[in-house]
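Encoded as structure tokens, the structure appears first; notes follow it.
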Amino acid sequence: MSGHNKWSKIKRQKGVEDAKKGQIYTKLTREIIMAARQGGGDPETNFKLRLAIQKAREASMPKDNIERAIERGTGGAEGANMEELMLEGYGPSGTAILVQTLSDNRNRTVQEVRNVFSRQGGTMGSAGCVAWLFESKGLISIDSAGKDEDEVTLRAIDAGAEDVKVLDGTIEIYTKPNELELVRQELEKSDLPTSSADLAMIPKTMVEVEDKVAIQTLKLLDKLEELDDVQKVYSNVDFSDQQVEKYRSGDYD
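The structure is reproduced here in structure tokens:
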């Protein structure tokens, strides 16, 4: 799971840059529209909408933008043709990659994702080729600064968490998908506010790769997430701290 977490951390940091150019707002708007269309405009009874709104707030998305997105989703005009697609493929050296998209044009989205795979040393796969290597989980992140990590772990387990991982500056808490909101609420009742809470596809097992393959894979993941129709990207690569730092700094050939 650590590779997934390191990639998520990179994306959270990069999200600040994306927000400046509006890309992350576009993705969040689509997610809110789709959630509202599927489950209605009341976040109290629509869990997916509640998650989407929470992520939008974390990204400092204006309240008016959120409300307009909900109205567009429940109004029927916007988002009527949007569909969720989970595309699959192989990165360099056969690493597994899942690409979660939200699209109003299936053919366009598939072709754009296929092109990125091809240009970055990967291969687009057929449905089911790598999905079996991942499982859906609820993922809650808590800032570990000033907190007793053992105490947080115990509280998380008591709240119903399945697993807890302590990373650099962050405590990652894993739950069953349908128990994500319940665990989050229990943690906040215990004065443990969460920095993020979302559903994620977590690899069942991780693979370690050499530096060159790691950098190539990170480039591929980055290029995929730059596509407007792509919402989330997952990989089963266990990136080392050194590989992540090398990629982040650009110190590679």
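Each residue of the sequence shown is one higher than the one before, starting from 345 at the first, in our numbering.
We put the beta carbon where it would ideally sit given N, CA and C, even for glycine.
Collapsed DSSP secondary structure at Val360 in the structure displayed: Only weak support exists for where Val360 lies, its pLDDT of 48 falling under 50; the value from the coordinates is given anyway. The three-state secondary structure of Val360, taken from DSSP, is helix.
Straight-line CA distance for Asn409 to Gln587? If you take the alpha carbons of Asn409 and Gln587, they lie about 37 Å apart.
Using only the alpha-carbon positions, how far apart do Ser404 and Arg394 sit? Cα to Cα, the separation comes out at about 15 Å.
Could you say if the stretch 496 to 506 and the stretch 525 to 541 meet the contact criterion of at least three C-beta pairs nearer than 8 Å? The answer is yes - the stretch 525 to 541 touches the stretch 496 to 506, with three or more Cβ pairs under 8 Å.
So the candidates are Leu526, Ser462, Glu516; which of them puts its Cα closest to the Cα of Thr561? Nearest C-alpha to Thr561: Ser462.
With distances taken from CA atoms, which of Gln444, Ser437, Glu506 is nearest Lys556? Closest option to Lys556, judged by alpha-carbon separation, among Gln444, Ser437, Glu506: Ser437.
Per DSSP, cross-strand counterpart(s) of Leu511: DSSP, once it has assigned bridges, lists Thr514 as partnering Leu511.
Less than 8 Å between the CB atoms is what I'm expecting for Met378 and Glu428, so what's the real figure, rounded? Contact holds; Cβ gap of about 7 Å.
Gln464: first and last residue of the uninterrupted alpha helix (DSSP H) it sits in: That residue, Gln464, is in no alpha helix (DSSP H); it is neither H nor E in DSSP.
Would you identify the three-state DSSP class for Met378, choosing helix, strand or coil? Under the three-state reduction of DSSP, Met378 is assigned to helix.
Heavy atom of the ligand HEM within 8 Å of Glu569 beta-carbon: The ligand content of the structure shown is nil, which means the ligand HEM is not present either.
Whether or not the stretch 382 to 397 and the stretch 437 to 452 are in contact is what I'm after, with contact meaning three or more pairs of Cβ atoms, one per stretch, closer than 8 Å; do they touch? Touching, no, given that fewer than three Cβ pairs across the two stretches are closer than 8 Å.
Lys527 and Ala503 look like a contact to me (Cβ under 8 Å); what is the Cβ gap, rounded to whole Å? The question names Lys, but residue 527 is Val in the sequence shown. Confirmed, Cβ separation roughly 5 Å.
Can you check which of these residues, Glu523, Ile441, Asp494, Asn449, is closest to Ser470 by C-alpha distance? That would be Ile441, whose Cα lies nearest to the Cα of Ser470.
Does the structure place the stretch 452 to 462 close enough to the stretch 472 to 489 that three or more beta carbon pairs sit under 8 Å? Between the stretch 472 to 489 and the stretch 452 to 462 there are fewer than three C-beta pairs closer than 8 Å, too few to call the two in contact.
Does DSSP put Phe583 in a helix, in a strand, or in coil? In this structure, Phe583 counts as coil in the three-state DSSP scheme.
Below 8 Å on the Cβ atoms is my contact criterion, and I expect Val551 with Val577 to pass it. Report the Cβ-Cβ distance as a whole number of Å. A Cβ-Cβ distance of about 16 Å is found for the pair Val551 and Val577, leaving them out of contact under the 8 Å criterion.
Burial state of Ser579, where buried means 16 or more other Cβ atoms lie within 10 Å: That one is buried.
Short Cβ contact (9 Å threshold) for Glu685 with Lys399: Limits of the chain in this structure are 345 at one end and 597 at the other, which puts residue 685 out of reach.
Are the beta-carbon atoms belonging to Ser485 and Ile515 less than 9 Å from one another? Yes, Cβ-Cβ distance for Ser485 and Ile515 is below 9 Å.
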